[in-house]
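Here's the structure we're looking at; comments come further down.
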Amino acid sequence: MDFIRSWLNDALRLQRRWKLLTARKLLYLPHILSHKEKRMLLYIILVIVVAGGGLFIRTYLYFTHPAPAVGGSYTEGVIGAPRSINPLYISRDAERDIAHLVFSGLLGYDGAGEITYDLAERYDVSPDGKIYTLYLRQNALWHDGKPVTADDVVFTVKRLQDPQYKSPFRANWQGVEPEKIDDHTVKLTLRTAYAPFIENLTQGIIPKHLWGEITPDRMLLHELNLNPVGSGPYRLKRFKYDNDGSLLWYTVTRNPDYWGDGPYLKEITFVFYAGEDALLNALHRGEIEGFGPISVRNTEDISRDRYAVLTLATPRIFSVFFNQRQSPALADKSVREAIAYALDKSRVVREVGGGAIVTDSLLPPFQGTPSESKAPLPYDPTQARELLDRAGWKDTDEDGIRDKKIRQNNKLQSVPLRWTLATGDSPELTHAAEAIKLMLADIGIEVSVASHSFADLEATVIRPRSFEMLLFGQVYGYEPDPFTFWHSTQIKDPGLNVALFTNKKADQLLEEARRTTSTTLRRQKYAAFAKLADADIPAVPLYTQLYLYLLPRDINGVEISRMALPSDRFNGIQSWYRVTRRALGRQ
1 MDFIRSWLND ALRLQRRWKL LTARKLLYLP HILSHKEKRM LLYIILVIVV
51 AGGGLFIRTY LYFTHPAPAV GGSYTEGVIG APRSINPLYI SRDAERDIAH
101 LVFSGLLGYD GAGEITYDLA ERYDVSPDGK IYTLYLRQNA LWHDGKPVTA
151 DDVVFTVKRL QDPQYKSPFR ANWQGVEPEK IDDHTVKLTL RTAYAPFIEN
201 LTQGIIPKHL WGEITPDRML LHELNLNPVG SGPYRLKRFK YDNDGSLLWY
251 TVTRNPDYWG DGPYLKEITF VFYAGEDALL NALHRGEIEG FGPISVRNTE
301 DISRDRYAVL TLATPRIFSV FFNQRQSPAL ADKSVREAIA YALDKSRVVR
351 EVGGGAIVTD SLLPPFQGTP SESKAPLPYD PTQARELLDR AGWKDTDEDG
401 IRDKKIRQNN KLQSVPLRWT LATGDSPELT HAAEAIKLML ADIGIEVSVA
451 SHSFADLEAT VIRPRSFEML LFGQVYGYEP DPFTFWHSTQ IKDPGLNVAL
501 FTNKKADQLL EEARRTTSTT LRRQKYAAFA KLADADIPAV PLYTQLYLYL
551 LPRDINGVEI SRMALPSDRF NGIQSWYRVT RRALGRQ
């Protein structure tokens, strides 16, 4: 109490003397005040400064909020190295990833899989669904500073259509007539209405002023394929080869002239590896900060304090396809139905590692509505055995494999239920295939598993249709169009009707669904098709794949919930950030 009383007396004495001070006398204040008064004045000043500073900070924080700022970088690991970043030729995931950042389409998709504007700021569709008029942004620039115009769009479409340039996307643009209305308006006229055509408009556009004079024989080998000039949010900075001529890494840097907000991340580097084990080792060594997909079993070793694992839905459906032309036994519907009863899909998903969801439909959901089909066949091996018994498939020689005498080449021959199941060589697929093998053995069917590299699977199995059974995933887009996978005209390569499914009524439904612009009518057509296909059992749907994406937790602004292709994880990349600033306004 004595200390407080003394302190108050000093303060009052100082206050009385302060009243006697004039402005001139303030100059002599250090000489007038006693030592105790000087100390008292210092205390008062400190209290005022601290209180004022605290009030300022609280006011500043109250009226501002953290906002994204330009800065920071991100390094991601990718399986496989790109050969071309040209959007007319991309075929590998690594190529799509980089092209997605470097090039822009007329339209794009957001993280929820909804259509957004890109180079086009708006578009109109004629009532008959045949004419698309697109209005380009006038502030869109190529990375070399030249403006993006209607000439670039028309040029890109014509290059896609020209068979001499051999684009794998040529079929998407047949029957489309591009026309320049003015420098920033393009009209695309379709021969027939095609409802999923809107997805084609996400195709990357290339600059006419750089590619216009390049002949077909030089197109695939031109340096612009790895030194691209696009109009996207990022542009090439540098890349490096190893001694064998393979790309080691590829860095893109933010495009300061991008028409939209962002991007905020200053640089993104892709480092290329052979497989997931190599990616995990690189992550633990600090060479990379994220990658996808990561298998469920490997997420158990990841620090959840440092990393987040995003679970993204995909429209990729994995099924067991039957080649009825390769096997007379598989041409027997009773056999195909018995196989469907014998497969425990939940067990298959467990073998895949949990990164999947059981499905009973050959088609993905349409416009957010679950696919309609007949009631799924339950897992019932007893019913499977009874079906085979009734159809005459019995183990006559007691070797554990059912067989039946079938007339072939005018002779009765004993045909066993014995096939090879072809699939990819990823751990998930090989584990699933081995589980299928064991389940079918339980009902008297012998299966051998043949695992192929994905390049070999495509070249020697899928394209020539050289298989008996195939475990394979069909990748649908955001606007599901089953035509390529199920129409009878797509039985031969480059079509993807790997089940060799033929049904005139089904063909008609797929054609009508393509032509209508009514979402309700399309849904009805697809539902009717699904019932026809389910009744014939050309394949047994097993699961839809989930994409598990590993990212560092300090990357913000990532809003992805749905994807069609792995590169779609970068939808909305312009909003990703690691650095913040204070901005006026309350959140």
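Per the UniProt record's numbering, the sequence shown starts with residue 1, numbered consecutively.
Yeah, the Cβ is synthetic: ideal placement off N, Cα and C, and Gly gets one too.
Just so it is clear, the structure is predicted and the values come from calculations on it, not from any experiment.
Are there 16 or more other CB atoms within 10 angstroms of the CB of Asp-97, so buried, or fewer, so exposed? The residue in question, Asp-97, is buried, as its Cβ has 16 or more Cβ neighbours within 10 Å.
Within 10 Å of its beta-carbon, does Gln-413 have 16 or more other beta-carbons around it, so buried, or fewer, so exposed? exposed
Given that a residue counts as buried once 16 or more other Cβ atoms are within 10 Å of its Cβ, and exposed if not, what is Val-335? buried
Between which two residues does the beta strand (DSSP E) holding Trp-419 run? Start and end: 418-424.
Note down the Cα distance separating residue 589 from Phe-467, rounded to an integer number of angstroms. The chain is shown only over 1 to 587; residue 589 falls outside these bounds and no answer can be derived.
Could you tell me which of Asp-536, Ser-346 and Thr-314 sits nearest to Ser-567, measuring between CA atoms? Thr-314
For Thr-311, three-class secondary structure by DSSP: strand
With a threshold of 16 other CB atoms inside 10 Å of the CB of Lys-411, please say whether the residue is buried or exposed. exposed
Mark Ser-84 as exposed unless 16 or more other C-beta atoms lie within 10 angstroms of its C-beta, in which case mark it buried. buried
What runs of the alpha helix (DSSP H), each 4 residues or longer, lie entirely inside the region 263-335? 276-285 and 296-299
Can you tell me whether Asp-257 is helix, strand or coil according to DSSP? coil
Cross-strand partners of Leu-136 (DSSP beta bridge): Ala-120
Closest Cα partner of Tyr-307 within the set Phe-483, Glu-276, Ser-488 and Ile-288: Looking at the Cα atoms, Ile-288 is the closest of the given residues.
Is the Cβ-Cβ distance between Gly-262 and Gly-105 less than 8 Å? no
Mind checking whether Tyr-165 and Met-219 have CB atoms under 8 Å apart? yes
Label Val-352 either buried or exposed according to how many other C-beta atoms from any shown protein chain fall within 10 Å of its C-beta, with 16 as the threshold for buried. buried
Opposite Ser-448 in the DSSP bridges: which residues? Thr-420
Per the contact definition of three or more C-beta pairs closer than 8 Å, is the region 339-347 in contact with the region 295-309? no
Only counting runs of 3 or more residues, tell me where the beta strand (DSSP E) segments fall wholly within the region 127-185, in order along the chain. 131-136 and 176-182
Does Lys-345 come out as helix, strand or coil in the three-state DSSP assignment? Three-state result, Lys-345: helix.
Limits of the unbroken alpha helix (DSSP H) element including Gln-524: 519-536
3 or more residues per run - each beta strand (DSSP E) lying fully within the region 218-253: 234-241
Could you check which residue in Tyr-577, Met-563 and Phe-570 has the C-alpha nearest to that of Arg-553? Tyr-577
Kindly indicate which residue of Ser-73, Ser-231, Asp-536 and Asp-481 has the alpha-carbon position closest to the one of Glu-267. Ser-73
Below 8 Å, how does it come out for the region 319-327 and the region 101-118: are there three or more Cβ pairs, yes or no? no
Under 8 Å between the Cβ atoms of Leu-141 and Ser-231? At a Cβ-Cβ threshold of 8 Å, Leu-141 and Ser-231 count as neighbours.
Report buried or exposed for Asn-281, applying the criterion of at least 16 other Cβ atoms within 10 angstroms of its Cβ. exposed
Residue interval of the beta strand (DSSP E) (run including Leu-500): Taken as a continuous stretch (DSSP letters only), Leu-500 belongs to no beta strand (DSSP E), as it is neither H nor E.
Cβ-based burial, Tyr-109 [other Cβ within 10 Å; buried from 16]: buried
Residue from Thr-192, Ser-246 and Ala-422 whose Cα sits closest to the Cα of Pro-82: Ser-246
Going straight from the alpha carbon of Glu-300 to that of Val-309, what length do you get? 11 Å
Where does Tyr-478 sit, in a helix, a strand or coil, going by DSSP? Here Tyr-478 carries a coil assignment [DSSP, helix/strand/coil].
Along the chain, where does the alpha helix (DSSP H) containing Arg-562 start, and where does it finish? That residue, Arg-562, is in no alpha helix (DSSP H); it is neither H nor E in DSSP.
Whole-Å CB distance - Gly-572 paired with Ile-560, under 8 Å assumed: Yes, they are in contact, since the Cβ atoms of Gly-572 and Ile-560 sit about 7 Å apart, within 8 Å.
Exposure of Glu-199, with buried meaning 16 or more beta-carbon neighbours within 10 Å: buried
In the DSSP assignment, what are the bridge partners of Ala-356? Gln-545
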